[in-house]
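Protein chains: 2
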Amino acid sequence: MGMEWDDLRTVMVLVRQGTLAAAAAQLGVSYTTVARRIARAETRMGTRLFDRLPDGYRATKAALVVAERAGRMQQEAETLDRELTQFDDDLTGPLVITSPQLLIGSHLGEVIETFLTRHPGIDLTVKATNDLLNLNRREADLAIRIQRDPHDTLIGQRLTGQKTAAFAAPALAQRIAQDPAQPLDWIGFTFWDGPPRDSLVAYPKGRIRMRFDDMVAVVGAAQAGLGVARMPMFLGRYAGLTMVPVMEPQPYADIWALSHRDIAPTARVRAFREVLIPFFRTRAGDFVG
Amino acid sequence: MGMEWDDLRTVMVLVRQGTLAAAAAQLGVSYTTVARRIARAETRMGTRLFDRLPDGYRATKAALVVAERAGRMQQEAETLDRELTQFDDDLTGPLVITSPQLLIGSHLGEVIETFLTRHPGIDLTVKATNDLLNLNRREADLAIRIQRDPHDTLIGQRLTGQKTAAFAAPALAQRIAQDPAQPLDWIGFTFWDGPPRDSLVAYPKGRIRMRFDDMVAVVGAAQAGLGVARMPMFLGRYAGLTMVPVMEPQPYADIWALSHRDIAPTARVRAFREVLIPFFRTRAGDFVG
DNA sequence: TCTGTCATATGCGAAATTGCATGTCATGGG
DNA sequence: CCCATGACATGCAATTTCGCATATGACAGA
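As you go down the protein sequences, you meet chains A and B in turn. Mapping of the first sequence onto our numbering: position 237 corresponds to residue 367, and the numbering continues sequentially without gaps. Mapping of the second sequence onto our numbering: position 82 corresponds to residue 212, and the numbering continues sequentially without gaps.
In structure tokens form, the structure reads like this:
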């Protein structure tokens, strides 16, 4: 049973990545090392694992079998990684959270401020991204997400509900109020068919003037007075925009705090929730108007 | 995610073995290395894994959690080890079989002779033991076992049925035949309550004169003329003993050839069965009389 | 055709890992 | 009380492993 487990892991990563360089980057070693470990593994198993092609290493059937089993081993290792946090019930050390970018400036900054003051020993990392990080792999300990249901196997608490409304720069908002008959320029998303349906009842002349694929850009365009944009209420207010009553505020996805089952009860994550949840309770008005 | 899988394995082995030296022996490294790997693992995980006691390393709860997960990883690794044999469909290379000691001299020797002549490139190892080797861990590729049902998840084929009968050295057998009224001395096993029940009908004066815990010893005692012993028919004949008609031959556990599901279809194991099974078919008379 | 890119091979010095030898400590038997 | 035993700790030298620098080959685009 002289099989080296780390070599199995190396084979798995190379199967998934396809090239030595990519595998090496993921493993945090040089590609030279990957090549040598593969050669060693082939010797030990007595089987050819990869075809050396000009454009990379291509896995043989044997390598696929190895990768399959090693993948299961990795799942066990990831589970272990989370399980071990229960022995780390210390209010010092690392804590990683992730949140949509736009919530950080408007609200989370204040939460973080309070949290770090209360727990100065904690080394907090905030990953501001709209990507859904994989909490199973512990890419973050706690995620703040905007979604309709907490679907996963994750432990979740609803921080607040939300509504969206139409917002515009103050000057534009004032012009719209003064001259409701004028065509309404919308700032939309690339995937929109047209202006929000509700708005067309009162303002049938609405049209989409420009589209973006990113909310930050939409906000910027609205701030520049280029049109009306539909966005969550907290965001419109935070961005210094004025709500324009061209449509009724509508329910939007809730904001959730999510953690993996194994991570949720640990000390640092609990401590963060203890700041986070009351804060959102007091500021619910920002989100539902 | 910089967890070293081999370190997890080291922790697991040390948890199971309890001392550095024993763990090192199983891992095939020096105990110094084990101690250092443990220290490194503790640093990386940020948790104490063992209490250093005067009489060895005692696992903490965290180490038990590690050992549990690593155990599952090991099962995957063992499965992989078997799965990889399907890529080794060559009639050269290693083959490991195991069999009860007593079958080897009487019958298996001839099988092995034939097999090696037919496949000179195969490097055959025979583990002659009554211990049930773990075929999951690939301690052997094929096991010949005497048992009533093939219970396991193993792939099995029945080689032959068996019967037991009473045997004695020829001289003693002759005396018994001449003077049936004399008390019958039995050579028994430690766990026997008394002489075989069937024999008491015709020979109520039977008594156990000595007991052994090992079949080889029983055979030796019978050969020395110390009494009558009940044993499989093939064994009595092979040992040069004479059947004594003090009891009817009785059914006994069958002889099976067993392999793990993943190993059974491989070339070398198939080749061995192709010699083994016909041989037992032609020699069925040895076992059932 | 020439050239830049991307990918793998290989030689060599640096760094990490390992094993051996030795030292320390607790325990139990004579 | 002494000593043998079994277990862990530590210093040092040898080995293994690793990463960098460099070389080679295939391919696409100017």
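Positions of the beta carbon are idealized from the N, C-alpha and C atoms, including for glycine. No experiment lies behind these values; they were computed from the predicted model shown.
**Request:** My understanding is that A:D328 touches A:E269, with C-beta atoms under 8 Å, so please give their C-beta distance in whole angstroms.
**Result:** In fact, because the Cβ distance is near 38 Å, the residues do not count as touching under 8 Å.
**Item:** Terminal residues of the beta strand (DSSP E) in which A:M133 lies
**Value:** Where A:M133 is concerned, there is no enclosing beta strand (DSSP E), given that its DSSP letter is neither H nor E.
**Simplified DSSP state of A:T255, which is helix, strand or coil** = strand
**Request:** Go ahead and label B:R188 buried or exposed: buried means 16 or more other beta carbons lie within 10 angstroms of its beta carbon, across all protein chains shown.
**Result:** exposed
**Prompt:** How long is the line joining the alpha carbons of A:P395 and A:F217, rounded to whole angstroms?
**Reply:** 11 Å
**7 Å Cβ shell around A:R267 - same chain, five flanking residues per side excluded** = E208
**Request:** Please work out which residues of its chain come closer than 8 Å, Cβ to Cβ, to B:Q292, disregarding the five sequence neighbours upstream and downstream, and give them in chain order.
**Result:** I276, P362, M363, F364, P381, Y382, A383, D384, I385, F417 and V418
**Residues near A:V141 by beta carbon distance below 7 Å, same chain, minus five either side** = I168, A171, L179, A193, V196, A197 and A200
**Message:** Using only the alpha-carbon positions, how far apart do A:T259 and B:R400 sit?
**Reply:** 57 Å
**Message:** So B:M345 and B:L262 are supposed to be a Cβ contact under 8 Å. How far apart are they, rounded?
**Reply:** That pair is no contact at about 16 Å.
**Message:** What does the alpha-carbon distance come out to for the pair A:T149 and B:A155?
**Reply:** 37 Å
**Message:** If we require 3 or more residues per run, which beta strand (DSSP E) segments fall completely within the region 138 to 203 of chain A?
**Reply:** 180 to 183 and 186 to 189
**Request:** Determine, using beta carbons only, whether A:R139 comes closer than 8 Å to chain B.
**Result:** yes
**Asked** What distance in whole Å lies between the Cβ atoms of B:D392 and A:W135, which are believed to be in contact at a cut-off of 8 Å?
**Response** Not a contact, Cβ separation roughly 20 Å.
**Nearest-angstrom beta carbon gap, A:I285 and A:S229 [assumed within contact, 8 Å]** = Their Cβ separation, rounded to whole angstroms, is 17 Å, which puts A:S229 and A:I285 out of contact at 8 Å.
**Message:** So that I know if they touch, is there some Cβ in chain B lying closer than 8 Å to that of A:E172?
**Reply:** no
**Request:** Assign A:Q204 to buried or exposed, taking buried as 16 or more other Cβ atoms, counted over all protein chains shown, within 10 Å of its Cβ.
**Result:** buried
**Prompt:** Can you give the Cα-Cα distance for B:S236 and A:R182, rounded to whole angstroms?
**Reply:** 52 Å
**Message:** I'd like the list of long-range same chain contacts for B:E432, defined as Cβ closer than 7 Å, with 5 residues on each side in sequence excluded.
**Reply:** Since the displayed chain B opens at 131 and closes at 419, residue 432 of chain B lies outside it and no answer follows.
**Request:** Please determine, among B:F402, B:R411, B:R413 and B:G415, the residue with the shortest C-alpha to C-alpha distance to B:T244.
**Result:** B:F402
**Message:** Our contact map puts B:G350 next to B:L302 with C-beta atoms below 8 Å; I'd like the distance itself, whole angstroms only.
**Reply:** Their Cβ separation, rounded to whole angstroms, is 14 Å, which puts B:G350 and B:L302 out of contact at 8 Å.
**Asked** Fully enclosed by the region 339 to 384 of chain B, which alpha helix (DSSP H) runs are 4 residues long or longer?
**Response** 345 to 353 and 363 to 368
**Request:** Output, in sequence order along the chain, the residues in the region 197 to 212 of chain B whose CB is closer than 7 Å to any CB in chain A.
**Result:** R199, R202, M203, E206, A207, T209, L210 and D211
**Message:** Counting C-beta neighbours from all protein chains within 10 Å, is the total for B:T283 16 or more, i.e. buried, or is it exposed?
**Reply:** exposed
**Prompt:** Alpha carbon to alpha carbon, how far is A:V348 from A:A359?
**Reply:** 7 Å
**Item:** Under 7 Å from the C-beta of B:G176: neighbouring residues of chain A
**Value:** D218
**Expected contact under 8 Å - CB spacing of B:I317 and B:R339 to nearest Å** = 7 Å
**Prompt:** Starting from B:R275 and walking both ways along the beta strand (DSSP E), at which residues does that stretch end?
**Reply:** L272 to Q277
**Request:** Could you pull the start and end residues of the alpha helix (DSSP H) that A:P408 belongs to?
**Result:** A397 to T412
**Prompt:** If you draw a straight line from the alpha carbon of B:G357 to that of B:K335, how long is it in whole angstroms?
**Reply:** 13 Å
**Asked** Among the residues of its own chain, which have a CB less than 6 Å from the CB of B:L289, if the five just before and after it don't count?
**Response** I385, A387 and F410
**Request:** Classify B:F319 as helix, strand or coil using the three-state DSSP reduction.
**Result:** strand
**Request:** Please decide whether B:M73 counts as near chain A, where near means a Cβ-Cβ distance under 8 Å.
**Result:** Nothing can be reported for residue 73 of chain B: it is not among the residues displayed for chain B, which extend from 131 to 419.
**Request:** Starting from A:L238, follow the beta strand (DSSP E) in both directions and report where the run begins and ends.
**Result:** Neither: A:L238 is in no beta strand (DSSP E) and is coded neither H nor E.
**Item:** Between the CA atoms of B:R413 and B:L246 - distance to the nearest angstrom
**Value:** 20 Å
**Prompt:** Is the Cβ-Cβ distance between B:L265 and B:S389 less than 8 Å?
**Reply:** yes
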